[in-house]
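Peer 1:
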């Protein structure tokens, strides 16, 4: 399985396009993480707590994308795009959407 | 998650097929297309596969022990990865990589909770009392008078009894920076209370039940201690401090939490008032013993209170006053060596009060 943000794969032409697929992961940082991130906002510096949540959400979305591609018989996903959004009241939750084209190369 | 390309073999006789491989924490997923063009995905749990690097072919060989299927992935990396994952799964929970992180997080939260608890139970009350100490007696008096005036509208005062009680109190000759003003209110509640700044309110039903002057002396010295030690003012400031702290902490919480939080707060200030009641009992008792007034006045007084509350007595934990049997016990203990002398002047005032 190959997952890439480019539209073509060097040296391996696309043999078959299997359609656009997407996967999303919506994740809530818990209230304590919000408190710590709030403190970090006051004192300055990188917020590792939020960074870990973001990383986890991205990981989950890509994993789901790969599983969907595999179910379609694809061995690659090209042109992958990752969108990050905050949702929920007061932007308390984080959403990551991964979109790409499932292909056989 | 890691992704690879590999060759998948369903059995020893079958031809190898190219496959896409996803390696997760607990399992691997294999996707392939068979000769007829149908797509398949297979999932192998980490526990059911063996992984090794074959130097001869230069590839990692993963074998499903239950079905005999095989998967080859070029290079040693896949075999190493699968072995690492299997070792991680085999570890007891407290040695897993995720456990050390969770342990740190848990310790951090426990520490935070401890700090908040210390702040709430020790620092905030202490600070509130410090603030309460800076309040001028004159301000306390104004506060107490304002409360009394709003209450007095719905109450009828027995002015002659009030005058006698004020006489009684001044005859007891207790020194204080507060000007004590006692009001008797006609009501069938058996109770009395002190307002900040020197106002003491006694209900007539309690007076009616009294049999001797030491009881009245006990009641007044108890309420006087509340005034003199600024109990009401301290309580108000402690409550205020707790409220401010809680609303800072849970400011954005919904109404359900705020109800819970407020009730917990009420319970805490009740225990505070229990402590103050005991202080008022003990200091009131020493006022009596210093003047050689019979400390039995306290025990008799509590008996009246007990008779009045019997049937509906709350458990001590929820009652703002210490349980009366408890109070009787520690008063009895404290008053063992008391010397008692008759007081003609106090007796005279008391008798005048009891006249129909």
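Chains as they are written, first to last, in this note's numbering: chain A, 1 to 105; chain B, 106 to 461. Beta carbons are placed, not taken as given, at the ideal position from N, Cα and C, and that holds for glycine.
(1) Rounded to whole angstroms, how far is the Cβ of residue 289(B) from the Cβ of residue 275(B), which I believe are closer than 8 Å?
(2) Compare the C-beta of residue 212(B) with all C-beta atoms of chain A and state if any pair is closer than 8 Å.
(3) One question on the structure: do residue 138(B) and residue 73(A) come within less than 8 Å of each other, judged by their Cβ atoms?
(4) Taking the DSSP output, what are the residues bridged to residue 264(B)?
(5) Just curious, the beta strand (DSSP E) that residue 231(B) is in, first and last residue?
(6) Would you please verify whether the beta carbon of residue 158(B) is less than 8 Å from any beta carbon of chain A?
(7) Could you give the distance in angstroms between the alpha-carbon of residue 283(B) and the alpha-carbon of residue 321(B)?
(8) Under DSSP, the alpha helix (DSSP H) around residue 192(B) begins and ends at which residues?
(9) Could you name the residues of the segment 301-326 of chain B whose beta carbon sits closer than 8 Å to any beta carbon of chain A, in the order they occur along the chain?
(10) For my contact list, residue 285(B) and residue 303(B) are in at a C-beta cut-off of 8 Å; report their separation, rounded to the angstrom.
(11) In the DSSP assignment, what are the bridge partners of residue 141(B)?
(12) Using Cβ-Cβ distances below 9 Å, what residues of the segment 127-154 of chain B are close to chain A?
(13) Considering only their Cβ atoms, is the gap separating residue 168(B) from residue 112(B) smaller than 8 Å?
(14) Taking all protein chains shown into account, decide if residue 305(B) is buried (16 or more other Cβ within 10 angstroms of its Cβ) or exposed.
(15) Check the Cβ of residue 32(A) against every Cβ in chain B and list those closer than 7 Å, keeping chain order.
(16) State the DSSP-derived secondary structure class of residue 199(B), mapped to helix, strand or coil.
(17) Looking only at its own chain, which residues have a Cβ that is under 8 Å from the Cβ of residue 104(A), when we skip the five neighbours before and after it?
(18) On the three-state DSSP scale, how would you describe residue 46(A)?
(19) Classify residue 293(B) as buried or exposed, calling it buried when 16 or more other Cβ atoms lie within 10 Å of its own Cβ.
(20) Using a 10 Å radius around the Cβ and a threshold of 16 neighbouring Cβ atoms, would you call residue 98(A) buried or exposed?
(21) Find out if the Cβ-Cβ distance for the pair residue 5(A), residue 88(A) is shorter than 8 Å.
(22) When DSSP labels each residue in this structure, what does residue 446(B) get in the three-state scheme?
(23) Hey, is residue 1(A)'s beta-carbon within less than 8 Å of any beta-carbon in chain B?
(24) Straight-line CA distance for residue 62(A) to residue 52(A)?
(25) Between residue 406(B) and residue 323(B), is the Cβ-Cβ spacing less than 8 Å?
(26) Answer yes or no: do residue 440(B) and residue 390(B) have a C-beta to C-beta separation smaller than 8 Å?
(27) Please identify, using Cβ separations under 8 Å, the residues of the segment 39-63 of chain A that lie next to chain B, in order along the chain.
(28) Of all the options 136(B), 170(B), 264(B), which has the alpha carbon lying nearest to the alpha carbon of residue 151(B)?
(29) Among 246(B), 443(B), 392(B), whose alpha-carbon lies nearest the alpha-carbon of residue 325(B)?
(30) How would you call residue 197(B), buried or exposed, if buried means at least 16 neighbouring beta carbons within 10 angstroms?
(31) Kindly list the residues whose CB is nearer than 8 Å to the CB of residue 346(B), restricted to its own chain and excluding five residues on each side of it in sequence; keep chain order.
(32) Do we get a CB-CB distance below 8 Å when we pair residue 108(B) with the residues of chain A?
(33) So the alpha helix (DSSP H) residue 341(B) belongs to, where does it begin and stop?
(34) Consult DSSP for residue 317(B) and reduce its assignment to one of helix, strand or coil.
(35) Per DSSP, which residues does residue 452(B) bridge with? Please list them.
Peer 2: In this structure, then:
(1) The pair is not a contact, with the Cβ atoms about 15 Å apart (cut-off 8 Å).
(2) Chain A contact via Cβ: absent.
(3) yes
(4) Per DSSP, none; premise fails for residue 264(B).
(5) Not the beta strand (DSSP E): residue 231(B) falls in the alpha helix (DSSP H), residues 229-238.
(6) no
(7) 20 Å
(8) Its alpha helix (DSSP H) spans residues 182-195.
(9) none
(10) Contact between residue 285(B) and residue 303(B) is confirmed by a C-beta separation of about 5 Å, below the 8 Å threshold.
(11) Residue 141(B) pairs with nothing; no bridge assigned.
(12) Closer than 9 Å at the C-beta level to chain A, one finds these residues of the segment 127-154 of chain B: 127, 129, 134, 135, 136, 137, 138, 142, 143, 144, 145, 146.
(13) No, the Cβ-Cβ distance between residue 112(B) and residue 168(B) is not below 8 Å.
(14) buried
(15) 214
(16) helix
(17) 14, 15, 16, 18, 73, 74, 75, 76
(18) coil
(19) exposed
(20) buried
(21) no
(22) coil
(23) yes
(24) The alpha-carbon atoms of residue 62(A) and residue 52(A) are separated by roughly 15 Å.
(25) Against a cut-off of 8 Å, the Cβ pair of residue 323(B) and residue 406(B) comes out as a contact.
(26) yes
(27) 59, 62, 63
(28) 170(B)
(29) 392(B)
(30) exposed
(31) 229, 230, 232, 233, 236
(32) yes
(33) 336-354
(34) coil
(35) Residue 452(B) is not bridged to any residue.
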